[in-house]
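Numbering (the numbering used here), first residue to last: 2 to 439.
Where is the CB? At the ideal position from N, CA and C, for every residue including glycine.
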Amino acid sequence: MFGPHKSDPIATRTLRRPARREYGTVKGDICVLGAGISGISAALEAAKLGRRVVLVDGSPSLGGQAINSIIGTLIGLYSHGEKPCQITHGIADELVNEMTAAGDMLRRQGGGAGTVTYQYDEVKLARWMERKVEAAGIQTLLGAVLTGVEFSDRRVRNVDFATRFGPVRVRANGFVDSSGDASLCYEAGLPVREPEEPIYGTLNFLIENYDPVAVKDLSMQEIHKLLLSAGPKYGLTRHDGHLMPFTGKGIMLANIGHFETPLDPLAAAQMVFKGRQEADNVLRFLQGELPAIFKNARIRAYGNPGIRQSRWICSRRQLTLDAIRKGERPMDAVARCAWWVELHNTIELVHWERFPENHVYYIPLGCMVPDGADNIIAAGRCVDGDTHALSAIRVMGPCIAMGAAAAHALNLLGDGSLHSLDLARLQKALYDNLDRAD
Ligand SMILES: Cc1cc2nc3c(=O)[nH]c(=O)nc-3n(C[C@H](O)[C@H](O)[C@H](O)COP(=O)(O)OP(=O)(O)OC[C@H]3O[C@@H](n4cnc5c(N)ncnc54)[C@H](O)[C@@H]3O)c2cc1C
Numbered sequence: 002m003f004g005p006h007k008s009d010p011i012a013t014r015t016l017r018r019p020a021r022r023e024y025g026t027v028k029g030d031i032c033v034l035g036a037g038i039s040g041i042s043a044a045l046e047a048a049k050l051g052r053r054v055v056l057v058d059g060s061p062s063l064g065g066q067a068i069n070s071i072i073g074t075l076i077g078l079y080s081h082g083e084k085p086c087q088i089t090h091g092i093a094d095e096l097v098n099e100m101t102a103a104g105d106m107l108r109r110q111g112g113g114a115g116t117v118t119y120q121y122d123e124v125k126l127a128r129w130m131e132r133k134v135e136a137a138g139i140q141t142l143l144g145a146v147l148t149g150v151e152f153s154d155r156r157v158r159n160v161d162f163a164t165r166f167g168p169v170r171v172r173a174n175g176f177v178d179s180s181g182d183a184s185l186c187y188e189a190g191l192p193v194r195e196p197e198e199p200i201y202g203t204l205n206f207l208i209e210n211y212d213p214v215a216v217k218d219l220s221m222q223e224i225h226k227l228l229l230s231a232g233p234k235y236g237l238t239r240h241d242g243h244l245m246p247f248t249g250k251g252i253m254l255a256n257i258g259h260f261e262t263p264l265d266p267l268a269a270a271q272m273v274f275k276g277r278q279e280a281d282n283v284l285r286f287l288q289g290e291l292p293a294i295f296k297n298a299r300i301r302a303y304g305n306p307g308i309r310q311s312r313w314i315c316s317r318r319q320l321t322l323d324a325i326r327k328g329e330r331p332m333d334a335v336a337r338c339a340w341w342v343e344l345h346n347t348i349e350l351v352h353w354e355r356f357p358e359n360h361v362y363y364i365p366l367g368c369m370v371p372d373g374a375d376n377i378i379a380a381g382r383c384v385d386g387d388t389h390a391l392s393a394i395r396v397m398g399p400c401i402a403m404g405a406a407a408a409h410a411l412n413l414l415g416d417g418s419l420h421s422l423d424l425a426r427l428q429k430a431l432y433d434n435l436d437r438a439d
């Protein structure tokens, strides 16, 4: 009457791994390696252009650092000043409008320079990305770590991945390296750059159960002073950083520590322990120094280690600090930016260089295309800049713009080379991110 009884046996079968391991092959027009914010932008834009997209990530979920490192704030979508202008559109428009309407994103405008930032709920942003990727019909491989690249005659032919469920090969005409660490270019045997000195990362985390009334008196200037005077007592070395309560949610984002982020398998695991220990130290510091607000506070979630600048491509046209200071528009401009130099190169403090109001500068296509390849384009924090320029363009607004540029560039690729695209056509397609002013 109620169907099969629970004690009925379930049939099983016995099997062994086949002697020869066959690759499952997935085909598309464009393969995007890395589903952080730049890869998500590239994949959604390419799908909108009618391209068959394969999106691959080593993590078991989408979102890269934007989600899994709980970055929490989207910056760099606007110019700075009394009348900020939105300089990046594409997926940013839908993302901001839909998340804001749902109460999952808060626009903040302030600071001396009239900076516009968007604080977001990372759980909701993750679902937003998943829904959009699914609706766009993008073939998605998660938990798939790059193991090899077949590269010949300046073109990537196949890219191989290991998954828990067997190896997978992806074939496509064009590839986006949005891995953050230039993994695709590195595995293809192309030259890449790494900084000679550490550029520090941070493990962001969420605090809950702080006093909702006393928190109104939270002053970052006071915290910075306390970090300088009392931080060492709690094992803290960084003197700046942010604490950002999400109004109405009872959650506060903390971005306070600094640790090295080497590209080494064992050292990468140590980052997790070191970053979490540092987060625990920050909580002890807050409880000890600001008990009125934090006496009963707890850590609700630790993000994955946040990596700022690790390894990036070698292009023909590295973006330089001088170029972003001057703000001249190169012939091959594909994105606009306004975020400042924000280089985390000392353990104690961030090096900032703020530009005048309304200053914008440009990302050239040339710094996104590795010198030795015709069908790979980088997007996000692994494009080619000097350390200072990269520290400015690695934030999420420009990452979205670079993702869009990568999709449109590959859309025009055909059998040709990314080094000889029809720039007028490309820039026309990218009008919103280059010239729109509303
Ligand atoms: C602590 C911290 C705070 C920050 N604060 C802000 C902020 O407030 N606002 C802001 O806008 N920006 C901020 N940034 C910068 C910004 O978050 C990142 O630069 C941006 O998210 C990078 O996006 P991405 O898509 O280029 O790379 P990532 O988000 O790093 O994504 C890369 C993806 O590639 C995958 N991948 C890499 N290698 C492989 C491989 N071999 N095989 C398979 N998959 C692979 C990874 O799993 C990952 O999901 C911050 C960064 C850090 C670290």
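Among G37, I31, I68, T74, the one whose alpha carbon lies nearest that of R53 = Indexing the sequence shown from 1 puts residue 53 at position 52. The option with the nearest alpha carbon to R53 is I31.
Could you tell me whether the Cβ atoms of A339 and Y79 are closer together than 9 Å?
-> Start at 1 with the first residue of the sequence shown, and residue 339 comes out as number 338. Start at 1 with the first residue of the sequence shown, and residue 79 comes out as number 78. Cβ distance < 9 Å, so A339 and Y79 count as in contact.
Whose C-alpha, out of R132, P61, P213, is nearest the C-alpha of F166?
-> Locating residue 166 in the sequence shown gives position 165, counting from the first residue. Out of R132, P61, P213, P61 has the C-alpha closest to the C-alpha of F166.
Member of T116, Y121, K84 whose CA lies at the smallest distance from the CA of V97 | Locating residue 97 in the sequence shown gives position 96, where the first residue counts as 1. For V97, the nearest C-alpha among the options comes from Y121.
Is the segment 318-335 touching the segment 355-372 in the sense that three or more CB pairs, one from each, lie closer than 8 Å?
-> At 8 Å Cβ cutoff, the stretches touch.
Boundaries (first-last residue) of the beta strand (DSSP E) holding S230 = Within the sequence shown, residue 230 is the residue found at index 229, counting from 1. First-last for S230: 221-231, but that is the alpha helix (DSSP H), not the beta strand (DSSP E).
Consider the C-beta atom of T164 and the heavy atoms of ligand 1; say whether any pair is separated by less than 8 Å.
-> Taking the first residue of the sequence shown as position 1, residue 164 is located at position 163. No.
Pick out the complete beta strand (DSSP E) segments inside the segment 288-364, 3 residues or longer, and give them in chain order.
-> Segments of the beta strand (DSSP E) lying fully in the segment 288-364: 299-303, 334-338, 342-344, 352-354.
Could you spell out where the alpha helix (DSSP H) holding L435 opens and where it closes?
-> Position 434 of the sequence shown, counting from 1, holds the residue named residue 435. Under the DSSP assignment, L435 falls in the alpha helix (DSSP H) whose first and last residues are 432-435.
When the distance is taken between beta carbons, is V57 closer than 9 Å to F162?
-> Your numbering for residue 162 matches position 161 in the sequence shown. Your numbering for residue 57 matches position 56 in the sequence shown. Yes, the Cβ-Cβ distance between F162 and V57 is below 9 Å.
Evaluate the contact criterion for the segment 303-310 versus the segment 167-180: three or more CB pairs, one atom per stretch, below 8 Å.
-> As far as the Cβ criterion goes, the segment 303-310 does not touch the segment 167-180, which means the pair count is below three.
Could you work out which residue in D436, H240, A380, P399 is closest to L411 when comparing CA atoms only?
-> Residue 411 sits at position 410 when you count from the first residue of the sequence shown. Nearest option by C-alpha distance: A380.
Please name the residue, chosen from I92, A189, I224, that lies closest to R155 on a Cα-to-Cα basis.
-> In the sequence shown, residue 155 corresponds to position 154, counting from 1. Among I92, A189, I224, the Cα nearest to that of R155 is on A189.
Quick one, which of G40, N434, T388 has its alpha-carbon nearest H352's?
-> Locating residue 352 in the sequence shown gives position 351, counting from the first residue. Ranking G40, N434, T388 by CA distance to the CA of H352 puts T388 first.
When the Cα of R426 is compared with those of A334, P371, A390, which residue comes out closest?
-> The residue given as residue 426 occupies position 425 in the sequence shown. It is A334.
Just the C-alpha distance for Q66 and G398, rounded to the nearest angstrom, thanks.
-> In the sequence shown, counting from the first residue as 1, residue 66 sits at position 65. In the sequence shown, counting from the first residue as 1, residue 398 sits at position 397. The alpha-carbon atoms of Q66 and G398 are separated by roughly 14 Å.
Stretch-stretch touch, CB-based, cutoff 8 Å, three pairs: the segment 209-217 with the segment 275-285 = Using a Cβ-Cβ distance cut-off of 8 Å, the segment 209-217 and the segment 275-285 are not in contact, since fewer than three pairs of beta carbons, one from each stretch, lie closer than that value.
In terms of alpha-carbon separation, which member of L229, G51, N210 lies closest to N297?
-> By 1-based counting over the sequence shown, the position of residue 297 is 296. When only C-alpha atoms are compared, the closest one is N210.
Quick one: grab the DSSP three-state call for C400.
-> Residue numbering aside, residue 400 sits at position 399 when the sequence shown is read from its first letter. In the structure shown, C400 sits in a helix (DSSP, three-state: H, G or I).
What residue range is occupied by the uninterrupted alpha helix (DSSP H) comprising M100?
-> Here residue 100 refers to the residue found at position 99 of the sequence shown. Note, M100: alpha helix (DSSP H), 92-102.
List the residues that DSSP assigns as beta-bridge partners of D58.
-> Along the sequence shown, one-based indexing puts residue 58 at 57. Looking at the DSSP output, D58 sits in a beta bridge with L143.
From the DSSP output, in three-state form, read off S70 for me.
-> Residue mapping note: residue 70 aligns to position 69 of the sequence shown, counting from 1. Coil, per DSSP.
What did DSSP end up calling N256 once you bin it into helix, strand or coil?
-> As a working mapping, residue 256 is identified with position 255 in the sequence shown. In the three-state reduction of the DSSP assignment, N256 falls in the strand class.
With respect to 8 Å, is the separation between the Cβ of T89 and the closest non-hydrogen atom of ligand 1 below this value?
-> As a working mapping, residue 89 is identified with position 88 in the sequence shown. No, since every heavy atom of ligand 1 falls outside the 8 Å radius drawn around the Cβ of T89.
Mapping DSSP to helix, strand and coil, what is L414?
-> For the purposes of this step, residue 414 is taken as the residue at position 413 of the sequence shown. Judged by DSSP in its simplified three-state form, L414 adopts coil rather than helix or strand.
What do you reckon, are the CB atoms on T262 and P199 nearer than 9 Å?
-> Residue mapping note: residue 262 aligns to position 261 of the sequence shown, counting from 1. Residue mapping note: residue 199 aligns to position 198 of the sequence shown, counting from 1. In contact: T262 and P199 (Cβ atoms closer than 9 Å).
Closest residue to G258 among G149, I252, V283 (Cα-Cα distance) | By 1-based counting over the sequence shown, the position of residue 258 is 257. It is V283 whose Cα lies nearest to the Cα of G258.
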